[in-house]
Structures are given as C-alpha cells and as structure tokens.
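Undergrad:
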C-alpha cells in the first residue's frame with residue numbers, strides 16, 4: 001500500500017500540515033504559455049485564477065443551449081448521478097457529462113483549455129470527474145468550506161495534489177448570487193480533519209458535506225494566513241475559473257433572483273491516477289471518480305460536432 | 001376603523017401597488033441638513049443610505065463593550081425578547097434595549113442620529129422597536145427578502161410608510177460575511193402578499209419568516225425595476241445604515257469566520273403611531289412594537305453617562 005502522506009479522518013483532533021507537492025508542477029510553466037508569467041504566479045500564490053471571457057459569446061450560447069437540453073433530458077431521471085436541491089425537486093448537478101460522446105466530451109477536450117491545464121499540472125491530463133451545476137435563484141443553498149482534495153484523497157485514493165478544478169461559468173457571477181468563495185493561499189496547507197468516514201458517505205455529502213469539513217479553528221487560521229482575505233469568483237458568463245484541488249472554498253446561499261450555472265471538470269495529472277482509497281471503505285462510484293480505462297486527453301480544437309474527433 | 005390603504009395577506013394572489021406616502025417627508029429636508037442635498041436625494045431614490053464612520057473609534061469601542069456586556073447579561077435568559085439561532089443556542093437578537101435606562105437608551109436618543117431621522121421623517125420621532133443583533137461567523141443563517149412595513153402594518157397596525165430602520169454597524173461588513181442586501185427603488189412599491197397571518201406568527205417569524213414574504217414573481221419585477229441592481233450594505237464598523245420601512249431587503253448566510261453585530265433602532269414618526277393591527281389578530285407584544293406611553297424623543301448630546309439626561 002502507498003504510504004499516506006496526507007492522512008485525514010484518522011485522529012480525534014484536526015491538524016494543519018504543510019502541502020508536500022508543488023502547486024504549479026511544470027517548473028518552466030511560466031515561460032511556455034499559454035498562461036502568462038503573471039497568470040501562473042497569481043495561480044501559484046492564490047490557488048486559483050479567473051480567466052475572464054475565456055469563451056466568446058458564440059461559444060457561450062452553444063454552451064448554454066447544451067446545458068439546457070442536457071438538464072431537460074434528465075428532468076425525470078432520478079439516478080445517483082443526478083443531484084437535487086435539499087428540500088426541493090430541482091436539479092442541482094448532473095455528473096459524468098464528459099462521457100456523453102458528444103458536446104461535453106468535446107468541451108472537456110477543448111484544446112485551449114487543456115493546454116492551460118497541462119501547463120499547470122506539468123503533464124498530460126485526464127478527467128477525474130465532471131458535472132454540470134445549476135444553482136437556482138431564490139433558494140440555492142450554501143455549501144460549506146471544504147478542500148476537494150481531502151475527499152478525493154480519503155474516499156477516492158488520489159495520491160498527490162496534482163489536480164485542479166475547472167469551472168466554466170455560464171451565468172454572470174455577482175457578489176450577491178452566491179459566488180464561489182476561496183481562501184487565497186489555503187492550497188499550501190492541508191487540514192487533516194477529525195472523525196471517520198461513514199459507509200456510502202457520498203450519498204449525503206453531495207447535498208451537504210458533514211465529514212471531512214475543516215474545523216472552525218483551522219478555518220480561522222487559514223483566513224488569517226490570507227491576511228483576512230476571502231476572494232469571490234465573480235465575473236461575466238463565459239469566464240473560466242481554475243482552482244487547485246486543495247484550495248479551501250465554499251459558497252453562501254443564493255436568495256437573489258439570478259440562477260447560477262456552470263460546467264465543472266476535474267483534471268488530474270496522468271501521473272496521479274487513483275489508487276485504493278486511503279480510508280478503509282470501498283471506493284466511490286465511477287461517476288464521481290474515474291478509474292476505468294484512463295487515457296490522457298487528446299485535445300480537439302473545436303466545440304462544434306463538425307470538428308475533427310479522435 | 002382606519003381604512004386599509006396597504007392591504008396584504010387578504011387575497012389568494014400577490015399584488016404590487018404603488019406607495020402612497022413620500023419617502024422623504026420634509027419637503028425642505030434637502031435644504032436644512034444635517035444630511036446634504038445629495039444624501040437626501042440618494043436616500044429618496046434608493047430607499048437607503050450608508051453613513052460611513054458616523055461614529056468614531058472611541059464611540060465604537062464604547063458601543064462594542066456595551067453590546068458585549070448586554071449579551072453576556074442575557075446569556076442564560078430565555079425570554080421571548082431573546083432570539084437564538086435556529087439549530088444552535090447562540091444569541092442572535094435581544095429586543096427592547098432602548099428601555100434599559102442606560103447606554104442604549106442614550107444611544108437611541110443620540111442627537112446627531114435623531115436629527116438625521118427627523119430630517120427624513122419630517123417630524124418628531126419615537127422608537128417603535130429596538131434590538132441588538134449578533135450574527136456569528138460560520139453559521140449565521142440567511143434571512144429571506146422582506147419589507148418590514150408589510151409586517152408592521154399587518155401585524156402591528158402601523159398606518160403609513162413614515163418610519164425607518166437605523167442599523168449601527170459594530171463590525172466591518174464585507175461582501176463575504178452576509179451583509180444586508182437591498183433592492184434600490186423597491187421602497188416605492190408595496191408587495192401585497194398572498195395568504196393569511198397565523199396566530200402568534202411572531203414566535204416563528206423572528207427566526208424564519210414564512211408569511212408576508214414576497215413571491216418570486218414580485219421579487220423579479222422589483223429587481224428588474226432596479227435595473228438588475230442588488231446593493232449590499234458593506235462598510236467599516238461605526239457606520240450607520242438608514243433604510244426606509246418599505247425597502248425590500250434580506251441577507252445571505254455567513255460561512256466566513258467573521259461575526260457581524262449591530263444595534264438596530266426603528267424610528268417612527270410621532271404622527272404615525274400604531275393603531276389596531278390590520279389583520280384580525282391581536283397586536284404583537286410591546287417588545288416588538290411599542291404602543292404604551294409614546295413620547296417624542298428628546299435628543300441627548302453624549303453617549304457617556306455623564307451627559308445630561310432628561
């Protein structure tokens with residue numbers, strides 16, 4: 001068994017440890033592009049970067065149409081990969097859209113996007129998880145602080161911090177419609193949480209995470225390290241937010257009339273494939289953490305079906 | 001019985017009506033001060049104004065100490081005027097602090113503050129309700145959109161829109177610790193809500209309002225009227241937020257480590273004293289809506305006890 005360098009949910013008390021992996025994995029990343037030196041440095045320092053208007057308006061319309069039609073096709077579906085809002089029947093997330101053999105697969109392999117991700121992770125990459133999210137206006141519920149890596153490591157067996165999340169923003173994100181909040185610099189610290197993982201934890205944690213969330217003392221410490229800063233991922237539709245797998249993030253509820261929707265891809269380094277979970281529980285299902293037939297992504301240039309496919 | 005020009009909770013469908021009262025009640029207000037013409041115009045147009053650093057740092061320290069000691073004195077008290085967080089035992093609000101015969105009474109009569117309120121309401125004023133609020137970090141819950149006037153009219157018998165809320169901000173309000181959100185211009189429209197007032201509604205509505213809240217269609221319309229704007233009352237500790245009794249407002253939850261606390265006074269015109277509630281229910285208790293021994297406020301100049309008392 002692989003030695004667990006990021007133990008969590010094994011002690012009765014939480015602990016803050018130093019990160020043991022780089023944030024930017026290609027030491028020459030800053031020189032090679034596509035991200036500029038300033039952008040790479042920002043990402044390394046803050047654990048995230050917002051690429052404003054990464055997709056133009058034409059792409060955006062296409063993206064929104066595809067999201068709508070995929071939502072519609074899943075309206076009456078009640079599988080484990082379709083997550084509803086707590087206290088209502090509205091769809092919040094649909095998972096594993098990158099295997100649709102169609103639009104979202106092409107999007108996940110989008111050349112401009114994949115080149116940026118490869119630049120940061122310093123290797124070929126693959127999709128570990130994907131979903132589309134729809135957060136309705138008026139009743140979108142909050143999502144408490146968490147590091148994705150903590151769960152991916154403990155419950156999925158992701159060995160190292162060499163993955164990132166990519167959120168393609170399909171609606172304008174304002175300060176007042178529950179934007180993602182991130183603690184800059186938090187990617188450099190690993191909060192080992194107290195407690196133990198329950199059986200089939202994911203069945204409730206996708207609606208409201210109870211295990212693996214940081215204690216209040218650790219959160220206060222992280223925000224203090226950030227000089228009191230909590231950043232919000234606001235920006236116009238078409239923007240792309242990239243954030244490190246260990247950046248502490250969360251979001252408040254959304255009582256505004258404005259819904260929020262996005263497409264979410266988790267890119268993992270091909271050199272960081274999942275092993276057995278670091279808890280003693282069974283791995284989570286494939287739709288949450290891909291481990292079958294893992295191949296590095298071959299990028300495609302165009303979002304439209306007329307473009308060349310592999 | 002007084003004719004009900006602002007009916008609500010009487011029909012099965014919601015309705016939006018025009019406001020039948022001015023927002024600034026003294027037609028010469030803009031000329032006489034203490035608020036400048038620009039400030040009065042801003043208030044009239046947007047239904048609120050934030051007076052940054054109205055209290056200096058010395059006053060602020062005094063205010064915070066007094067809030068802390070009052071909270072402490074109420075820690076084990078479980079009366080109807082002490083409101084706890086849903087799902088926890090932390091104090092959220094203590095009501096009727098302006099009758100403490102001490103600091104908060106003097107604060108409610110503070111000359112600089114009262115002169116501003118009189119300027120807007122165009123008459124002598126009195127305190128209709130007061131409270132201190134403490135919204136803890138990490139678990140402060142959201143408060144959904146509402147117009148205070150709707151409740152004060154229906155449940156308390158406030159005849160006209162000639163009152164305002166004054167929030168003295170004791171902690172820095174950031175975008176990310178659940179600041180008050182307001183829909184600018186919403187003070188000019190009255191959302192008559194559907195449904196009926198339950199008996200003793202206040203016992204649950206102070207934690208989570210269920211009746212008298214606007215429907216989603218009306219909220220969308222109000223935000224559209226505002227050109228899509230939803231303003232947030234951010235600002236440094238010591239600031240004072242004044243907002244009209246009919247301005248639609250709410251707040252998201254607070255998952256940040258930063259608590260929020262404030263002192264809250266509702267000033268009503270002495271010419272707008274409460275009558276019988278416009279519902280067929282008994283009036284709410286005195287601690288929520290003052291109707292006994294109403295006298296216009298005689299301002300006092302100093303917050304310290306050495307100052308002259310009436």
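Protein chains in written order, with UniProt numbering: chain A, 1 to 310; chain B, 1 to 310. Backbone N, C-alpha and C define an ideal beta-carbon position, used for all residues, glycine too. If you're wondering where the values come from, they're calculated on a predicted model, not measured in any experiment.
(1) From which residue to which residue does the beta strand (DSSP E) around residue 311 (chain B) run?
(2) Of the residues A:43, A:60, A:32, A:236, which one's Cα is nearest the Cα of residue 164 (chain A)?
(3) So, residue 112 (chain B) versus residue 272 (chain B), is the Cβ gap smaller than 8 angstroms?
(4) Between the region 180-193 of chain B and the region 266-282 of chain B, can you find at least three pairs of beta-carbon atoms closer than 8 angstroms?
(5) Reducing DSSP to helix, strand and coil, say where residue 17 (chain A) ends up.
(6) Using a cut-off of 7 angstroms between C-beta atoms, extract the partners of residue 181 (chain A) located in chain B.
(7) If you drop the 5 nearest sequence neighbours on each side, which residues of the same chain put their C-beta closer than 7 angstroms to that of residue 309 (chain B)?
(8) Output needed for residue 255 (chain B): all residues of its chain with C-beta closer than 7 angstroms, excluding positions within five of it in sequence on either side, in chain order.
(9) Name, in chain order, the residues that DSSP records as bridge partners for residue 300 (chain A).
(10) Starting from residue 217 (chain B) and walking both ways along the alpha helix (DSSP H), at which residues does that stretch end?
(11) Assign residue 231 (chain A) to one of two classes, buried (16 or more other C-beta atoms within 10 Å of its C-beta) or exposed (fewer than that).
(12) Using DSSP's beta-bridge definition, name the partner residues of residue 161 (chain A).
(13) Express the C-alpha separation of residue 50 (chain B) and residue 65 (chain A) in angstroms, rounding to a whole number.
(14) Should residue 202 (chain A) be flagged as near chain B, meaning a C-beta pair shorter than 8 angstroms?
(15) Identify every run of the beta strand (DSSP E) within the region 47-130 of chain B, keeping only runs that are complete inside it and at least 3 residues long; order them along the chain.
(16) Let me check understanding here. Comparing Cα to Cα, which of B:201, B:96, B:77 lies closest to residue 286 (chain B)?
(17) What number of angstroms, rounded off, separates the C-alpha of residue 296 (chain B) from the C-alpha of residue 243 (chain A)?
(18) Compare the C-beta of residue 256 (chain A) with all C-beta atoms of chain B and state if any pair is closer than 8 angstroms.
(19) In the region 144-158 of chain B, which residues sit with their C-beta less than 9 angstroms from some C-beta in chain C, listed in chain order?
(20) Quick check on residue 238 (chain B) - is its C-beta less than 8 angstroms from some C-beta in chain A?
(21) Can you check which of these residues, A:280, A:302, A:305, is closest to residue 9 (chain A) by C-alpha distance?
(22) If I follow the unbroken alpha helix (DSSP H) through residue 204 (chain B), where does it start and stop?
(23) Chain A partners of residue 252 (chain B), CB-CB under 8 angstroms?
(24) Any C-beta of chain A within less than 7 angstroms: which residues of the region 198-229 of chain B qualify?
(25) For residue 92 (chain A), which residues in chain B fall below 9 angstroms Cβ to Cβ?
(26) Would you decide whether residue 248 (chain B) is buried or exposed? Buried here means 16 or more other CB atoms lie within 10 Å of its CB.
(27) For residue 244 (chain B), name the three-state secondary structure that DSSP assigns.
(28) Residue 138 (chain B) versus chain A: which residues are under 8 angstroms apart at the beta carbon?
(29) From A:189, A:168, A:178, A:220, pick the residue whose C-alpha is nearest to that of residue 7 (chain A); which is it?
(30) What residue from A:305, A:208, A:131 has the CA that sits closest to residue 67 (chain A)'s CA?
(31) Just the Cα atoms here: how many angstroms apart are residue 225 (chain A) and residue 56 (chain B)?
(32) Once the 5 residues before and after residue 70 (chain B) are set aside, which same chain residues still bring their CB inside 7 angstroms of it?
(33) On the DSSP letters alone, give me the boundaries of the beta strand (DSSP E) that residue 146 (chain B) sits inside.
(34) Under the three-state reduction of DSSP, which class applies to residue 154 (chain A): helix, strand or coil?
(35) Given this structure, state the Cα-to-Cα distance separating residue 117 (chain B) from residue 125 (chain B), to the nearest angstrom.
(36) Bridge partners for residue 231 (chain B) per DSSP, in chain order?
TA: In short:
(1) No answer is possible for residue 311 (chain B): the residues shown for chain B start at 1 and end at 310.
(2) Stepping through the first chain from its first residue, residue 164 (chain A) is reached at position 164. Out of A:43, A:60, A:32, A:236, A:43 has the C-alpha closest to the C-alpha of residue 164 (chain A).
(3) The residue you call residue 112 (chain B) lines up with position 112 of the second chain. The residue you call residue 272 (chain B) lines up with position 272 of the second chain. Going by C-beta atoms, residue 112 (chain B) is not nearer than 8 angstroms to residue 272 (chain B).
(4) no
(5) Numbered from 1 along the first chain, position 17 holds the residue referred to as residue 17 (chain A). Three-state result, residue 17 (chain A): strand.
(6) Position 181 of the first chain, counting from 1, holds the residue named residue 181 (chain A). Going along chain B in sequence order, the residues near residue 181 (chain A) (Cβ under 7 angstroms) are 176.
(7) Here residue 309 (chain B) corresponds to residue number 309 of the second chain, with the count starting at 1. With a pLDDT of 45 at residue 309 (chain B), under the threshold of 50, the modelled position of this residue cannot be trusted; read the value that follows with caution. Answer for residue 309 (chain B): 300, listed in chain order.
(8) Start at 1 with the first residue of the second chain, and residue 255 (chain B) comes out as number 255. Result list for residue 255 (chain B): 138, in chain order.
(9) As a position in the first chain, residue 300 (chain A) is number 300, starting the count at 1. Beta-bridge pairing links residue 300 (chain A) to A:110.
(10) Here the question's residue 217 (chain B) lines up with position 217 in the second chain. Residue 217 (chain B) -> alpha helix (DSSP H) spans 216-225.
(11) Position 231 of the first chain, counted from the first residue, corresponds to residue 231 (chain A). When all chains shown are included, residue 231 (chain A) counts as buried.
(12) Within the first chain, the letter at position 161 stands for residue 161 (chain A). Bridge partners of residue 161 (chain A): none, in fact.
(13) Within the first chain, residue 65 (chain A) is the residue found at index 65, counting from 1. Within the second chain, residue 50 (chain B) is the residue found at index 50, counting from 1. In a straight line, the C-alpha of residue 65 (chain A) is about 41 angstroms away from that of residue 50 (chain B).
(14) On the first chain, residue 202 (chain A) is found 202 positions in, with the first residue counted as 1. Not closer than 8 angstroms to any Cβ of chain B, the Cβ of residue 202 (chain A) fails to qualify, so no.
(15) 48-51, 82-84, 91-95
(16) Residue numbering aside, residue 286 (chain B) sits at position 286 when the second chain is read from its first letter. With distances taken between Cα atoms, residue 286 (chain B) lies closest to B:96.
(17) For the purposes of this step, residue 296 (chain B) is taken as the residue at position 296 of the second chain. For the purposes of this step, residue 243 (chain A) is taken as the residue at position 243 of the first chain. Distance between the alpha carbons of residue 296 (chain B) and residue 243 (chain A): 57 angstroms.
(18) Counting from one through the first chain, the residue named residue 256 (chain A) turns up at place 256. At least one chain B Cβ lies under 8 angstroms of residue 256 (chain A).
(19) Considering every chain present, this structure includes no chain C. Its protein chains are A and B.
(20) Taking the second chain and counting its residues from 1, one reaches residue 238 (chain B) at position 238. Not an interface residue.
(21) Residue mapping note: residue 9 (chain A) aligns to position 9 of the first chain, counting from 1. Cα-wise, what sits closest to residue 9 (chain A) is A:280.
(22) On the second chain, residue 204 (chain B) is found 204 positions in, with the first residue counted as 1. Taken as a continuous stretch (DSSP letters only), the alpha helix (DSSP H) holding residue 204 (chain B) covers 202-205.
(23) Residue mapping note: residue 252 (chain B) aligns to position 252 of the second chain, counting from 1. Going along chain A in sequence order, the residues near residue 252 (chain B) (Cβ under 8 angstroms) are 142, 176, 178, 252, 253, 254, 255.
(24) 216, 219, 220, 223
(25) Translated into the one-based positions of the first chain, residue 92 (chain A) becomes position 92. Simply none; closest approach about 17 angstroms.
(26) Reading the second chain from its first residue, position 248 is the one you call residue 248 (chain B). Result: buried.
(27) Residue mapping note: residue 244 (chain B) aligns to position 244 of the second chain, counting from 1. Note: residue 244 (chain B) maps to strand in three-state DSSP.
(28) Taking the first residue of the second chain as position 1, residue 138 (chain B) is located at position 138. Residues of chain A passing the Cβ test: 216, 219.
(29) For the purposes of this step, residue 7 (chain A) is identified with residue 7 of the first chain, where counting begins at 1. The shortest C-alpha separation from residue 7 (chain A) is found at A:189.
(30) By 1-based counting over the first chain, the position of residue 67 (chain A) is 67. Taking only the C-alpha atoms, the option nearest residue 67 (chain A) is A:131.
(31) The count along the first chain starts at 1 and reaches residue 225 (chain A) at position 225. The count along the second chain starts at 1 and reaches residue 56 (chain B) at position 56. Roughly 29 angstroms separates the two Cα atoms.
(32) Mapped onto the second chain, residue 70 (chain B) falls at position 70. Cβ within range, chain order: 94, 97, 132.
(33) Within the second chain, the letter at position 146 stands for residue 146 (chain B). Residues 143-146.
(34) As a working mapping, residue 154 (chain A) is identified with position 154 in the first chain. Here residue 154 (chain A) sits in helix by DSSP.
(35) As a first step, residue 117 (chain B) must be located in the second chain, where it is residue number 117. As a first step, residue 125 (chain B) must be located in the second chain, where it is residue number 125. Looking at the two C-alpha atoms, the distance is approximately 8 angstroms.
(36) Residue 231 (chain B) sits at position 231 when you count from the first residue of the second chain. Paired residue(s): B:182.
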